[in-house]
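To keep things clear, I will list the structure first and then write my remarks on it.
Protein chains: 2
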Amino acid sequence: MLFSKAGEYGLQVVLHLAAGQHDGFVTVRELADRCDIPFHFLSKICGRLAQAGILHSSKGPAGGVCLARPATGITLLEVVQAIDGLDGFDRCVLGLEPCDDGLPCPMHDHWHRLKEGVLEMLSGRNLGELADDLLSGNTTLNKEKTPAG
Amino acid sequence: MLFSKAGEYGLQVVLHLAAGQHDGFVTVRELADRCDIPFHFLSKICGRLAQAGILHSSKGPAGGVCLARPATGITLLEVVQAIDGLDGFDRCVLGLEPCDDGLPCPMHDHWHRLKEGVLEMLSGRNLGELADDLLSGNTTLNKEKTPAG
DNA sequence: CCAATAATAGACTAAAGAGTCCGAAATCTG
DNA sequence: CAGATTTCGGACTCTTTAGTCTATTATTGG
Ligand code: SF4
Ligand code: SF4
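These protein sequence lines are chains A and B, in that order. Each residue of the first sequence is one higher than the last, beginning at -5 in our numbering. Each residue of the second sequence is one higher than the last, beginning at -5 in our numbering.
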């Protein structure tokens, strides 16, 4: 709907990483297991995130990945940008040439406002805040819903 | 981003049809030409729209398609529903199981509001109003931007 | 009825997205 | 240094979406 599968996975992992308060590296394998993401696929995604300077990575035993910067300095927007790119946000809803030069179709304004909303959602708060939100206990991320039932 | 290619085409055509105030049938070929959509592809799309009761169609000479109901009784939501379905609107942004049972992740509220916005955009106004908007002259749909330049 | 026309249906091809596999290269341990 | 471990890179397969082609059916006009 809004993000590619790779984008979704990237967000999940980065959120997971921020909320996990690990000190060292976490292996991609472990992340894949925890988040139930195909390992090799996630491998690639982490590669892109590393290249984009969002993750640090180290090979070999005791290696893995971790956030490259303090979580408070990373926005979700960076993450989706690194994976999906931001082109989609410049596109017309109807797939036409962008015609915002004063001749908008009836949907343009509404759509534009929605896009702004998404961008705001992605850039408004940083990973740190979201992680705090997670850690405060009234939110979950893992698929396994509290097995209390 | 938001709709499939087929969905985008469907919206274009239906909007075009509503604004074109044709009395009889319009051939799919003509629609495809005007909107610059692959003919055979649009053929299928119109098929689905016809099955969904949004278009009427007639074979043979002087045949073609036309809106099955007055434009004021058709919403964009019906159109995308007929083509893309509405499943995407029930999905979680992160691709997880929906967990709105009181344990929302930090993005849920924001995303939910955005989805509502899209649905409102699609269902809020009917084809007739949009067509009027088009006809009033301050909006365009065709790709060929006013060749005044 | 006959021929032309246009939608309909379904098989088919092309391209993109999602996911897998394997062979490096780097890093740690001993 | 040897061997285990883990990321990195590219090639590969599978699935879905996009787009093409062909045959069929219904309709109109002569
Ligand atoms: S005005 Fe309408 S057709 Fe043009 S870019 Fe905006 S949404 Fe698309
Ligand atoms: S709460 Fe978060 S993870 Fe759960 S369905 Fe909503 S957006 Fe998705």
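All C-beta atoms, glycine included, are put in the ideal place defined by N, C-alpha and C. Keep in mind it's a predicted model, so treat the numbers as computed, not measured.
Cβ neighbours of Leu61 of chain B within its own chain (closer than 8 Å, five residues either side excluded): Val8, Leu11, Ala12, Ile48, Leu49, His50, Ile68 and Leu121. One Cα belongs to Ala0 of chain A, the other to Glu114 of chain A, and the distance between them is close to 21 Å. About 16 Å separates the CB atoms of Leu116 of chain A and Val112 of chain B; that is not less than 8 Å, and the two are not in contact.
Contact annotation: Val74 of chain B and Leu124 of chain B have beta-carbon atoms that are not nearer than 8 Å. For Glu2 of chain B, the C-beta contacts it makes with chain A under 9 Å involve Cys86, Val87, Leu88, Gly89 and Leu90, in order along the chain. Proximity of the beta carbon of Leu90 of chain A to ligand 1 is indicated: a heavy atom of the ligand is located closer than 7 Å. Ser37 of chain A is positioned such that its CB atom lies closer than 8 Å to that of Val22 of chain A. Listed by position along chain B, the residues whose Cβ is nearer than 7 Å to that of His104 of chain A are Met115. The nearest non-hydrogen atom of ligand 2 is less than 7 Å from the C-beta of Met101 of chain B.
Counting along the chain, the unbroken alpha helix (DSSP H) around Ser37 of chain A starts and ends at Phe33 to Gln45.
In the structure shown, Val87 of chain B adopts coil according to DSSP, grouped into three states. Residue A:Cys86 holds the alpha-carbon nearest to the alpha-carbon of Met(-5) of chain B among A:Glu24, A:Cys86 and A:Arg28. Assignment of Cys29 of chain B by DSSP, reduced to helix, strand and coil, places it in the helix class. Relative to ligand 1, the beta carbon of Cys86 of chain A is positioned inside 7 Å of a heavy atom.
The beta-carbon of Gly82 of chain A is placed less than 8 Å from the nearest beta-carbon of chain B. A residue is called buried once 16 or more other Cβ atoms fall within 10 Å of its Cβ, and Leu88 of chain B is buried on that count. In this structure, DSSP gives Ser117 of chain A a helical state, which the three-state scheme calls helix. Against chain B, the beta carbon of Lys(-1) of chain A has neighbours under 8 Å at Gly89, listed in chain order. Just so you know, the alpha carbons of Leu71 of chain B and Gln45 of chain A end up roughly 40 Å apart.
Per DSSP, Gly58 of chain A is one residue of the beta strand (DSSP E) stretching across Gly58 to Leu61.
Of B:Asp81, B:Pro98 and B:Cys40, the smallest CA-CA separation from Leu128 of chain A is found for B:Pro98. Residue environment: Ala65 of chain A is assigned as buried (16 or more neighbouring CB atoms within 10 Å of its CB, all protein chains considered). A heavy atom of ligand 2 is found nearer than 7 Å to the CB of Trp105 of chain B. Your pair Phe19 of chain B and Ala56 of chain B checks out as a contact, with CB atoms roughly 7 Å apart and the cut at 8 Å. The alpha-carbon separation between Leu90 of chain B and Gly41 of chain A amounts to approximately 22 Å. For the region 2 to 35 of chain B, the set of positions with a beta-carbon nearer than 7 Å to some beta-carbon of chain A reads Glu2, Leu5 and Gln6 in chain order.
Against chain A, the beta carbon of Gly111 of chain B has neighbours under 7 Å at Leu108 and Gly111, listed in chain order. The alpha-carbon separation between His106 of chain A and Gly82 of chain A amounts to approximately 12 Å. Cβ contact annotation for Ala26 of chain A (same chain, cutoff 6 Å, sequence separation greater than five): Phe33 and Leu36, in chain order. Contact annotation for Leu(-4) of chain B against chain A: Val87 [CB-CB distance below 7 Å, chain order].
Excluding residues up to 5 positions away in sequence, nothing lies with its Cβ nearer than 6 Å to the Cβ of His102 of chain B in the same chain.
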